[in-house]
Amino acid sequence: MTILEAVLSLAGFTGSSIAGGLTWDILKHSGAKIIRSFKSRFASGEKKRFSGEEECEEFLKELAEKTPNSRKNPYKDVKIIYEDYAQNPDEDFIAEFQQWIEASKISFEQMRDGNVQPVSVRIGHQENTGSGTIVNAGIINHNYR
């Protein structure tokens, strides 16, 4: 179990596949909305917690990969990792992080239920018109379920 899985379990995801099998790869590929909402909340605005979006993503990656020291209170681990990243660590972060988890609950549930569709685009071939413009021909949009 990872720190993020333990946090989700405390937030009411007990027994669900998302709390029991959330890896960074799953979050990165199927949880773009979740990652965007985290970056939006913690990488910008007047209460900016991280130096930028990349740092936010690294923080989430650590939460999704590391094992918690305390399954009863994984927020201790969240706080320790946050303090390694934060420009100005403060006590309000954990409460705000908990609010973000609660606000993102529907997105986590959609990811659990498979309602998020990864998309890939395959380009058949590219043609250069000679003027520096490249035309993509044979574009196929694949939505996988």
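Heads up: the sequence shown begins at 483 in my numbering, then just goes up one per residue.
Ideal placement from N, C-alpha and C gives every residue a C-beta, glycine not left out.
Quick caveat: nothing in here was measured; it's all calculated off a predicted structure.
| query | result |
| --- | --- |
| Suppose the cutoff is 8 Å on Cβ atoms and the five residues either side in sequence are ignored; what does the same chain contact list for Ile516 look like? | Leu509, Ser586, Ser589, Phe590, Met593 |
| From this set, Arg531, Arg518, Gly527, Leu542, which residue's C-alpha is nearest Thr505's C-alpha? | Leu542 |
| For Glu547, which residues in the same chain have their Cβ closer than 7 Å to its Cβ, ignoring the five residues on either side in sequence? | Thr484, Trp506 |
| Within its chain, find whatever has a CB closer than 8 Å to the CB of Glu540; leave out the 5 residues flanking it on each side and keep chain order. | Tyr567 |
| Could you check if Pro571 is buried or exposed, using at least 16 other CB atoms within 10 Å of its CB as the buried criterion? | exposed |
| Taking Glu450 as the reference, which of Ser519, His511, Ser512 has the closest Cα? | With the chain running from 483 to 627 in the structure shown, residue 450 is simply not present. |
| Given this structure, state the Cα-to-Cα distance separating Pro556 from Ile563, to the nearest angstrom. | 11 Å |
| Using 8 Å for Cβ pairs, my map puts Arg531 next to Phe575. What's the rounded Cβ distance? | 6 Å |
| Can you list, in chain order, the stretches of the alpha helix (DSSP H) that have 4 or more residues and sit fully within the segment 513 to 565? | 514 to 524, 535 to 547 |
| Give the range of the alpha helix (DSSP H) segment to which Glu578 is assigned. | 574 to 585 |
| Would you identify the three-state DSSP class for Met483, choosing helix, strand or coil? | coil |
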